[in-house]
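For the record, the sequence lines run as chains A and B. Under numbering that gives the first Met the number 0, the first sequence has 290 at position 291, and the numbering climbs by one with no breaks. Under numbering that gives the first Met the number 0, the second sequence has 83 at position 84, and the numbering climbs by one with no breaks. Positions of the beta carbon are idealized from the N, C-alpha and C atoms, including for glycine. Have a look at the structure below, then the notes.
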Amino acid sequence: MSTEPIEDKVLYDYSSRPARLPQPVDAATDKAEIDLDVRIDLYRTQQKLRQFEKRASDLFLQNLVKGTSHLSLGMEAVAAGFGAAMRPDDYTFASYRGHAHTLVRGAPMREMMAELLGRGTGLLGGKGGSMHLTSVEHGAMGSYAIIGAHLCVANGAAWSAQLRGTDQVVVCYFGDGATNIGAFHEALNLASVWKLPIVFVCENNLYMEYTPIDLVTAVSHPAADRAGSYGLESIIVDGNDADAVYLVARDAIAKARRGDGPSLVEATTYRSGGHSRADPAMYRPADEAKAWMERDPIPMYHQRLLRLGVSEASLSGIQQEVAAAVDAATEFAKASLPPGGDVLLTEVWADGGSSWRN
Amino acid sequence: MAELTYREAVARGIAQEMRRDPRLVMLGEDIAGAGGVFKTDAGLLEEFGPSRVRDTPISEQAILGAAMGAAMTGIPVIAEIMFSDFLAVCFDIVANQIAKTRYMTDGQVSLPLVIQTLNGAGVRFGAQHSQSVENWIMMIPGLKVVAPSTPADIVGLMAAAVRDPDPVVFFEHKALLATKGEVPDGELVDELGTAHIRREGSDITIVALAAMVPKAVEAAVQLASEGISAEVIDLRSLVPLDTQTLLDSVAKTGRLVTVEENPRLCGWGAEISSLVAEEGYWSLEGPIVRVTTPHIPVPSAANLEDLALPSAGRVVEAVRRAMD
Chain A
0 MSTEPIEDKV LYDYSSRPAR LPQPVDAATD KAEIDLDVRI DLYRTQQKLR QFEKRASDLF
60 LQNLVKGTSH LSLGMEAVAA GFGAAMRPDD YTFASYRGHA HTLVRGAPMR EMMAELLGRG
120 TGLLGGKGGS MHLTSVEHGA MGSYAIIGAH LCVANGAAWS AQLRGTDQVV VCYFGDGATN
180 IGAFHEALNL ASVWKLPIVF VCENNLYMEY TPIDLVTAVS HPAADRAGSY GLESIIVDGN
240 DADAVYLVAR DAIAKARRGD GPSLVEATTY RSGGHSRADP AMYRPADEAK AWMERDPIPM
300 YHQRLLRLGV SEASLSGIQQ EVAAAVDAAT EFAKASLPPG GDVLLTEVWA DGGSSWRN
Chain B
0 MAELTYREAV ARGIAQEMRR DPRLVMLGED IAGAGGVFKT DAGLLEEFGP SRVRDTPISE
60 QAILGAAMGA AMTGIPVIAE IMFSDFLAVC FDIVANQIAK TRYMTDGQVS LPLVIQTLNG
120 AGVRFGAQHS QSVENWIMMI PGLKVVAPST PADIVGLMAA AVRDPDPVVF FEHKALLATK
180 GEVPDGELVD ELGTAHIRRE GSDITIVALA AMVPKAVEAA VQLASEGISA EVIDLRSLVP
240 LDTQTLLDSV AKTGRLVTVE ENPRLCGWGA EISSLVAEEG YWSLEGPIVR VTTPHIPVPS
300 AANLEDLALP SAGRVVEAVR RAMD
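Have a look at this one:
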């Protein structure tokens with residue numbers, strides 16, 4: 000007989016906890032005033048993110064991608080909605096789960112795939128990998144792998160826009176887990192005090208790594224319930240509905256661009272898979288996972304576009320275009336060589352080298 | 000030529016660069032309204048205004064994060080961390096973010112920023128406000144480390160640090176703030192990675208940094224009266240490191256003593272000793288001797304702190320051991 004107290008068993012068997020189910024889709028969103036062109040782009044972007052991530056997942060399983068990776072499968076609507084509301088000269092800062100956020104800015108899929116495969120043609124020359132995707136020329140200012148740090152860095156880019164007198168805006172994405180680290184609170188406070196042109200976007204997928212976020216957080220909405228502490232409005236959006244996200248993003252970005260300061264948006268969503276490559280996500284109640292899969296953002300959006308009169312043929316055309324691009328990126332990455340050893344000692348310093356002595 | 004205190008030289012060096020580059024901004028705790036808790040930033044708010052000289056909350060991660068984000072988008076920055084001990088509070092931004100981002104992005108990101116901070120002991124502040132932590136930074140690839148010992152060097156090396164396209168951690172020493180020195184008129188721009196020979200000698204090389212430099216010179220003067228000719232090298236920057244001046248001196252003298260304020264284990268003197276042992280071995284005529292703070296936190300009582308820190312007397316004793 001086990002000597003373990005029963006309560007502890009229950010406490011740590013997260014899969015037996017009551018499911019946290021998604022809200023029903025807001026039917027009114029169909030009627031939202033969003034141009035059909037924008038909606039078709041949102042669909043294309045979500046397809047791109049989905050198919051890229053699925054391919055990344057397949058390549059991990061084939062052991063062509065080493066190390067770890069954190070996918071946004073199931074969460075595509077958030078990056079897509081914000082991406083569509085941004086201007087090309089705006090900045091984004093992402094976490095280590097940053098493939099989607101980098102792609103939506105227009106970073107090249109071929110070089111991104113090559114980076115995941117550790118090739119010399121990779122976006123970062125093979126020096127950064129999955130967790131650090133960056134494309135400065137597209138305003139994708141980096142993917143940061145220490146939870147919370149990049150909120151502070153993103154503030155700096157917003158401060159810079161303010162100092163330079165541009166009306167550029169920063170969008171900074173992070174997970175629910177980041178709301179419990181000090182950097183989150185330091186960043187929110189400074190952004191508010193300095194009225195920085197920045198939108199903080201919490202992708203609340205209900206789990207911080209392997210642990211339900213509600214078990215380790217003093218409030219039920221880890222970002223939105225903290226907004227008031229920094230003089231900000233509490234904003235929660237259905238993160239599985241690209242239109243809903245787009246509308247919130249448009250408002251928050253416009254506010255920042257007007258000089259009216261930061262916003263904190265909590266987008267509720269769900270990972271289709273585990274935290275990282277190593278995680279089968281067995282800690283989730285089966286009915287919860289099932290209910291969220293039924294709220295998968297992409298089929299839902301597909302149905303909406305059909306209701307709005309877009310033909311099945313044109314949607315499947317988009318799917319096929321994206322599939323061809325993902326195939327081409329995969330072939331490019333596979334055909335590329337690993338980085339040459341000569342780059343090992345480059346780019347520590349701005350002179351291109353790594354010397355620390357004369 | 001004007002005589003300035005080390006403290007006044009900090010503000011002069013920053014002001015020189017802010018006048019030259021209208022993009023340059025500064026942020027930190029108590030730097031604007033108060034002019035710095037050590038008055039090293041006095042007058043900067045008045046001359047450059049609150050948008051370029053900004054007070055921040057007590058949020059070291061937010062301070063250095065903002066510096067990094069601004070630097071990577073075209074705004075050069077000086078960020079002040081009030082006491083170098085507080086680098087531990089924001090070490091993620093220093094060690095994981097600022098130091099690594101250029102390499103990880105294969106050169107897409109440049110970070111022209113200076114982290115200015117008050118380092119070192121000698122003012123009875125106790126263990127959490129007295130550390131010498133230049134060795135913490137020296138061990139991380141991607142960061143440059145500067146620690147001037149004179150007012151003129153403060154001005155010239157601050158200019159060099161600000162103009163450097165890479166992140167530089169600039170250590171000012173609390174115990175030197177009231178010291179005075181001649182500072183040439185006009186614009187001063189020095190060069191990182193250049194050690195200076197503060198006193199020439201032929202029998203032994205003493206390598207020192209920041210507040211240890213005047214102690215090493217004092218020891219050399221005392222040794223001269225005993226007929227020992229000691230050469231004192233002020234490293235001025237640890238990264239980049241002027242190994243040439245160091246190795247040339249050891250080739251001449253055949254002996255080496257390092258004087259550092261770091262606690263014993265993994266202080267920068269160990270790196271210097273290893274370098275000389277490896278590359279200057281055949282010049283050596285005796286053991287390399289290190290003078291350090293013992294491997295203890297810095298105590299606060301005046302007599303204990305004085306006992307802990309390297310003194311001219313301990314340097315003299317170390318030289319005698321190296322000469323045996």
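Going by DSSP, name the residue or residues bridged to residue i.
i      : result
B/N118 : B/H172
A/N203 : A/T267
A/S262 : A/V198
A/S68  : For A/S68, which the question treats as bridged, DSSP gives no partner whatsoever.
B/T257 : B/V206, B/R289
B/I80  : B/T116
A/F92  : A/C171
A/K53  : Answer by DSSP bridge pairing: none, since A/K53 is not bridged.
B/E230 : B/T204
A/G128 : According to DSSP, which records beta bridges pairwise, A/G128 is partnered with nothing at all.
Report yes or no: is there a C-beta of chain B within less than 8 Å of the C-beta of residue i?
i      : result
A/G117 : no
A/L343 : no
A/K194 : no
A/I252 : no
A/Y282 : no
A/M0   : Because A/M0 carries a pLDDT of 46, less than 50, the predicted location of this residue cannot be relied on, and no value is offered for it.
A/V103 : no
A/G124 : yes
A/A349 : yes
A/T133 : yes
A/Y269 : no
A/Y229 : no
A/R225 : no
A/M207 : no
A/M140 : yes
A/E346 : yes
A/G127 : yes
A/R356 : yes
A/Y42  : no
Give a yes or no on whether the minimum CB-CB distance between residue i and chain A is below 8 Å.
i      : result
B/P49  : no
B/V108 : yes
B/D40  : no
B/A269 : no
B/D105 : yes
B/T72  : yes
B/T178 : no
B/N302 : no
B/Q60  : yes
B/D189 : no
Assuming residue i and residue j are in contact, meaning their beta carbons sit under 8 Å apart, how far apart are those beta carbons, in whole angstroms?
i      : j      : result
A/E208 : A/G176 : 6 Å
A/T178 : A/S142 : Actually they do not touch by this definition, with Cβ atoms about 18 Å apart.
A/V170 : A/T91  : 5 Å
B/V36  : B/M81  : 6 Å
A/D250 : A/A243 : Contact flag wrong, Cβ pair sits at about 12 Å.
B/S224 : B/G200 : With 8 Å as the limit, B/S224 and B/G200 do not qualify as a contact, their Cβ atoms being about 13 Å apart.
Counting C-beta neighbours from all protein chains within 10 Å, is the total for residue i 16 or more, i.e. buried, or is it exposed?
i      : result
A/N239 : buried
A/W158 : buried
A/Q333 : One detail in the question is off: residue 333 of chain A reads as Lys in this sequence, not Gln. Counting Cβ neighbours within 10 Å, A/K333 comes out exposed, since fewer than 16 surround it.
B/K99  : buried
A/S15  : exposed
A/D326 : exposed
A/S1   : With a pLDDT of 48 at A/S1, under the threshold of 50, the predicted position of this residue should be treated as unreliable, though the coordinate-derived value follows. Under this definition A/S1 is an exposed residue.
B/V231 : buried
B/K214 : buried
B/P21  : exposed
Mind listing the chain E neighbours of residue i? Cutoff is C-beta to C-beta under 7 Å, in chain order.
i     : result
B/V24 : Among the protein chains of the structure shown, namely A and B, there is no chain E.
Between the stretch 148-167 of chain A and chain B, which residues of the former have CB atoms less than 9 Å from a CB of the latter, in chain order? Result list: A148, H149, L150, C151, V152, A153, N154, G155, A156, A157, W158, S159, A160, Q161, L162, R163, Q167.
Check distances from the C-beta atoms of the stretch 140-162 of chain B to those of chain A and list, in chain order, the residues that come in under 7 Å. Of all residues in the stretch 140-162 of chain B, P140, G141 have a Cβ within less than 7 Å of some Cβ in chain A.
Any residues in the stretch 75-87 of chain B with a beta carbon nearer than 9 Å to a beta carbon of chain A? Which ones, in chain order? Under the 9 Å Cβ criterion, the stretch 75-87 of chain B contributes V76.
Give me the subset of the stretch 171-191 of chain A whose CB atoms are less than 7 Å from a CB atom of chain B, sorted by chain position. Only those residues of the stretch 171-191 of chain A whose C-beta falls short of 7 Å from the nearest C-beta of chain B are listed: G181, A182, E185, A186, N188, L189.
Mind checking the stretch 229-262 of chain B against chain A and listing, in chain order, the residues whose C-beta falls within less than 8 Å of any C-beta there? If the cut-off is 8 Å between Cβ atoms, the stretch 229-262 of chain B has V238, P239, L240, D241, T242, Q243 near chain A.
Quick one: which residues of the stretch 11-29 of chain A get their C-beta closer than 9 Å to a C-beta of chain B? List them in chain order. For the stretch 11-29 of chain A, which is checked against every Cβ of chain B, not one residue is closer than 9 Å.
So if I threshold CB-CB distances at 9 Å, which residues from the stretch 87-114 of chain A count as touching chain B? Along the stretch 87-114 of chain A, going in chain order, the ones with a CB nearer than 9 Å to a CB of chain B are Y90, F92.
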